[in-house]
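Visitor: Okay, here's the structure, questions in a sec.
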Amino acid sequence: MKKALVVFAVALLSGCSSNSIVNSLPGTNMSSDISFDEMYLRGVFNWWEATPAYQLKEGRADWYVDVELIADGQPYDFKLADKVWTASQTCGGKYKGQPAITNKTTYLVCGSDAENIQFVPSSTGTYRFSFARASGDEIRLEITPVS
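According to mature numbering (1 follows the signal peptide of the UniProt record, and there is no 0), the stretch in the sequence shown is residues -19 to -1, 1 to 128, in order.
Right, dumping it as structure tokens:
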């Protein structure tokens, strides 16, 4: 009887989609579920608030926001999130203090395990933070100086 129950349980579980199982785990989210039009760049530069000036704008191939930053050698911590910090709509680093570098692609993960990303501007000025879907469950971030 126990063997029959085990066989039944294995058969039942094998019919589950691995994608469904992964998406239900804490701290995971499929990047295709991100609502970029409802997202804000939130960090030390805006007291982690969801203000209109930091809401993403739709570009040709991505979503972006321009931010004025002072180059004082200190890192700016930030994340991408909606107004209410919904776990599935909060994206950040794969590990604590993950750096973002000007003109280099950084990949973000979304979910309750997303950590702060750090950016140290090389010069004082305006920087464009651009976001787009990447392969798998990741979000692509590129930071470029605005001329």
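Positions of the beta carbon are idealized from the N, C-alpha and C atoms, including for glycine.
(1) Going by beta carbon distance, what residues of the same chain come within less than 7 Å of leucine 6, once the five residues before and after it are set aside?
(2) Spell out a yes or no on whether the stretch 17 to 35 and the stretch 76 to 83 are touching, meaning 3 or more CB-CB pairs, one atom from each, closer than 8 Å.
(3) Tell me the rounded alpha-carbon separation between glycine 54 and phenylalanine 100.
(4) Relative to the C-alpha of valine 48, which candidate in Thr105, Ser116 and Thr67 has its C-alpha closest?
(5) How should glycine 117 be labelled, buried or exposed, when 16 other C-beta atoms within 10 angstroms of its C-beta is the threshold for buried?
(6) Where does alanine 62 fall in DSSP's three states?
Guide: A quick look at the data gives this:
(1) The residue given as residue 6 occupies position 25 in the sequence shown. Bear in mind that a pLDDT of 38 at leucine 6, under 50, signals an unreliable position, so the model cannot answer this.
(2) no
(3) The residue labelled residue 54 in the question sits at position 73 within the sequence shown. The residue labelled residue 100 in the question sits at position 119 within the sequence shown. Cα to Cα, glycine 54 sits roughly 10 Å from phenylalanine 100.
(4) The residue you call residue 48 lines up with position 67 of the sequence shown. For the residues Thr105, Ser116 and Thr67, the minimum Cα distance to valine 48 belongs to Thr105.
(5) Taking the first residue of the sequence shown as position 1, residue 117 is located at position 136. Label assigned to glycine 117: exposed.
(6) As a position in the sequence shown, residue 62 is number 81, starting the count at 1. Residue state, collapsed to three classes: strand.
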